[in-house]
Amino acid sequence: MNLEEWLRDSKRWLEKNSSPLGRWLDETKSQWNQDPKQSKSSQEYSQWQKQITDWGHELTDRFRNLNLESSIPDSIRDFQDFGSIQKQLQNEWIGIAEWLKLGDRYRDAIQTLVQLYLQNRFDLLNLKQSPEEENQAPEKTPTDISEKHRHNAKELAALCKRQGGAWIKAAQFLSTQGDWLPREYREELEELQDQAPGISWDQVVEVLEESLGSDWNSRFSDIDPNPVATASLAQVHRATLTDGRICAIKVQLPDAPMRIDADLKFFALAAKMFKDQLPGLDPEQLVRELSRSILLELDYAQEAENLTRFSKCYQSSEWTVPQLIPELLSPKTLGMSFLEGTPIRHFLEEVPSTAESVLKTLCSSFMRQIFISGLFHADPHPGNFFITPRGQIALLDFGAMGELSENETSAYREVLSALLFKQQEGLIEKMNQAGFVVNQPERLIEMLFNTQDKNKSEGTADSDKTPFSKLETRLRILREAEVELPDSFVLMARVLISLGGLLNQHQVKLTPMEWAAMLMQQQQT
Numbered sequence: 001m002n003l004e005e006w007l008r009d010s011k012r013w014l015e016k017n018s019s020p021l022g023r024w025l026d027e028t029k030s031q032w033n034q035d036p037k038q039s040k041s042s043q044e045y046s047q048w049q050k051q052i053t054d055w056g057h058e059l060t061d062r063f064r065n066l067n068l069e070s071s072i073p074d075s076i077r078d079f080q081d082f083g084s085i086q087k088q089l090q091n092e093w094i095g096i097a098e099w100l101k102l103g104d105r106y107r108d109a110i111q112t113l114v115q116l117y118l119q120n121r122f123d124l125l126n127l128k129q130s131p132e133e134e135n136q137a138p139e140k141t142p143t144d145i146s147e148k149h150r151h152n153a154k155e156l157a158a159l160c161k162r163q164g165g166a167w168i169k170a171a172q173f174l175s176t177q178g179d180w181l182p183r184e185y186r187e188e189l190e191e192l193q194d195q196a197p198g199i200s201w202d203q204v205v206e207v208l209e210e211s212l213g214s215d216w217n218s219r220f221s222d223i224d225p226n227p228v229a230t231a232s233l234a235q236v237h238r239a240t241l242t243d244g245r246i247c248a249i250k251v252q253l254p255d256a257p258m259r260i261d262a263d264l265k266f267f268a269l270a271a272k273m274f275k276d277q278l279p280g281l282d283p284e285q286l287v288r289e290l291s292r293s294i295l296l297e298l299d300y301a302q303e304a305e306n307l308t309r310f311s312k313c314y315q316s317s318e319w320t321v322p323q324l325i326p327e328l329l330s331p332k333t334l335g336m337s338f339l340e341g342t343p344i345r346h347f348l349e350e351v352p353s354t355a356e357s358v359l360k361t362l363c364s365s366f367m368r369q370i371f372i373s374g375l376f377h378a379d380p381h382p383g384n385f386f387i388t389p390r391g392q393i394a395l396l397d398f399g400a401m402g403e404l405s406e407n408e409t410s411a412y413r414e415v416l417s418a419l420l421f422k423q424q425e426g427l428i429e430k431m432n433q434a435g436f437v438v439n440q441p442e443r444l445i446e447m448l449f450n451t452q453d454k455n456k457s458e459g460t461a462d463s464d465k466t467p468f469s470k471l472e473t474r475l476r477i478l479r480e481a482e483v484e485l486p487d488s489f490v491l492m493a494r495v496l497i498s499l500g501g502l503l504n505q506h507q508v509k510l511t512p513m514e515w516a517a518m519l520m521q522q523q524q525t
């Protein structure tokens with residue numbers, strides 16, 4: 001049996017056995033909640049236990065036969081010891097129960113992700129299923145690799161769109177994270193920055209009735225049943241209040257909190273499984289960032305407070321933000337003044353000559369947010385930026401915000417300057433003062449500076465990179481040197497890297513001197 005046949009049979013087995021397992025779990029859920037340490041006997045459960053153990057053995061054997069044993073995540077090895085899986089089921093009981101309620105989603109997700117992972121291992125690294133195949137297979141050309149990346153990227157984007165919710169947010173997050181994903185993946189995931197599955201008008205009405213009362217429509221003289229935007233966790237409708245104000249009302253998708261909770265648990269386990277497969281990255285920290293951002297976006301009271309604070313902090317002719325409409329605020333609805341405009345991605349495609357001025361203004365805005373007040377927009381994917389008819393940049397979606405203390409702002413500025421402009425003297429002390437834990441200072445200095453000097457002599461000068469690309473490289477080096485980074489620094493750095501990805505996409509260069517001038521200007525303000 002080849003790999004494709006085995007994956008197909010695995011899918012059938014999962015589809016066949018998840019329902020009886022789910023029934024068994026539902027029957028004993030209350031008992032487990034009362035005493036999760038007591039396992040319950042069940043012939044159906046015992047059969048499933050044996051089958052999944054055998055399946056884990058089979059998966060492990062296939063990795064071993066392909067000389068991929070070192071790539072087997074510990075969580076997959078654990079299938080050979082079902083006791084650890086049983087303990088995990090008990091410890092994560094509520095989460096597992098929610099997953100099983102959404103069984104189709106996770107069968108789809110697991111099958112697609114496993115296939116993509118293995119296809120990348122086989123096709124892109126020329127790892128074949130037998131020595132004969134390996135000897136006969138020609139080397140992959142750049143075109144072959146690009147086509148395979150494109151195919152797999154489309155599969156991943158389609159999965160995220162099918163799953164919705166946290167998966168859309170994850171796609172948006174990944175599409176803006178610089179160069180650590182192949183270009184083909186970033187391009188396909190970018191399509192989800194301002195596209196997401198919506199809900200019907202009847203479902204919207206149910207949410208409005210629940211949130212604003214049965215007489216909700218008495219607040220409006222008109223409301224468009226067609227959404228002007230569909231996002232990962234909500235959709236937005238244009239409406240006119242009875243006093244004539246035009247507003248945007250954001251309606252949270254039904255069951256969003258339950259689905260998001262289950263999805264984030266799934267992401268957390270996936271991050272544990274593959275953390276050793278991604279050198280230079282910390283998938284668990286990335287999932288923490290993503291989880292924080294998503295959970296904040298579900299809290300409309302917090303978003304309303306963020307919007308109010310942000311609008312008071314920043315007044316500029318170059319950008320604008322919507323104004324809160326308090327009477328439309330509820331746990332599942334949020335009302336704001338309506339801003340006309342074009343999504344920045346579409347605007348720059350239509351008027352590419354404006355890219356440099358628009359994007360440098362955007363970067364300047366974020367530098368001021370971070371290094372003046374410390375209160376900054378923490379979800380800078382292009383779907384959250386519009387260009388208004390007056391030429392202003394409109395910032396939208398204030399669910400995810402970052403906030404730095406005055407000490408953090410000052411300390412992080414010092415660390416950024418040292419990392420980006422190769423200031424070796426005092427770097428370790430600055431990092432310690434900023435809350436970093438530098439476990440191997442000598443190794444870090446070697447990797448940051450001596451390795452870069454070697455690269456420069458080999459023709460890959462670090463000075464050729466933009467500041468944002470260099471920041472991404474430095475983060476990888478810090479993690480490889482086992483430096484523990486403060487979560488707030490990582491959040492700030494990811495915002496800057498996301499902006500750098502937008503600059504790179506439109507071939508706009510912000511030189512080190514320009515970036516240094518921005519930093520110095522903020523210090524003098």
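All letters in the sequence shown, in the order written, are residues 1 to 525 by the working numbering. Positions of the beta carbon are idealized from the N, C-alpha and C atoms, including for glycine.
Sequence-distant Cβ neighbours of E482 in its own chain, meaning closer than 7 Å and more than five residues away, are N439 and Q440.
Residue pairing from DSSP places R238 in a beta bridge opposite A248. Under the Cβ criterion (8 Å, minimum of three pairs), the segment 253-270 does not count as touching the segment 338-352. Note on S218: under 16 other CB atoms within 10 angstroms of its CB, so exposed under the neighbour-count rule. With 16 or more other Cβ atoms inside 10 Å of its own Cβ, V236 counts as buried. As a beta-bridge residue in DSSP terms, W319 pairs with I393. By alpha-carbon distance to S337, the top candidate from E318, D299, T308 and S317 is T308. Between the alpha carbons of P322 and P343 lies a distance of about 15 Å. Beta-bridge partners of I325 (DSSP): none assigned. Annotation: I199 is outside any beta strand (DSSP E) and is labelled neither H nor E by DSSP.
If you ignore the 5 residues before and after E327, its C-beta comes within less than 8 Å of the C-beta of R219 and G335, all in its own chain and listed in chain order. Beta-bridge partners of V437 (DSSP): E484. Going by beta carbons, E340 and P389 fall inside the 9 Å limit. Around the C-beta of A301, fewer than 16 other C-beta atoms lie within 10 Å, and the residue is accordingly described as exposed. In the three-state scheme derived from DSSP, where H, G and I count as helix and E and B as strand, S330 is classed as strand. The segment 412-426 and the segment 374-390 do not touch, with fewer than three beta-carbon pairs separated by less than 8 Å. K332 is a Cβ neighbour of V251, given a cutoff of 9 Å. Between P380 and S311, the alpha-carbon positions lie close to 17 Å from each other. With fewer than three CB-CB distances shorter than 8 Å, the segment 397-407 does not count as touching the segment 420-432.
If you draw a straight line from the Cα of H377 to the Cα of F489, it is about 14 Å long. Straight across, the Cα-Cα distance linking P467 with E209 is about 49 Å. K360 is positioned such that its CB atom lies closer than 9 Å to that of L510.
Q285 places its beta carbon 9 Å or farther from that of D108. Counting only the Cα atoms, W319 lies some 5 Å from Q392. One Cα belongs to Q172, the other to E188, and the distance between them is close to 10 Å. Distances from the alpha-carbon of S498 to those of L181, Q163, A166 and W167 put L181 closest. In the displayed model, L375 falls within a strand according to three-state DSSP. Short of 7 Å from the beta carbon of N432, and not among the five residues preceding or following it, lie these beta carbons of its own chain, in chain order: V438. About 5 Å separates the beta carbons of S373 and C313, which is inside the 8 Å limit, making them a contact pair. The closest CA to that of P352, considering only P257, L419 and L503, is found on L503.
In the three-state reduction of the DSSP assignment, P512 falls in the helix class, which pools H, G and I.
Counting of Cβ neighbours within 10 angstroms places T176 among the buried residues, the total reaching 16 or more. For M401, there is no enclosing alpha helix (DSSP H); the enclosing beta strand (DSSP E) has its first and last residue at M401 to E403. Per the C-alpha coordinates, the member of T230, K265 and S214 positioned closest to A248 is T230. Nearest to R292 by C-alpha distance, out of L264, I223 and E305, is L264. For P257 against Q203, the beta-carbon gap comes to about 15 Å, at or over 8 Å, which does not count as contact.
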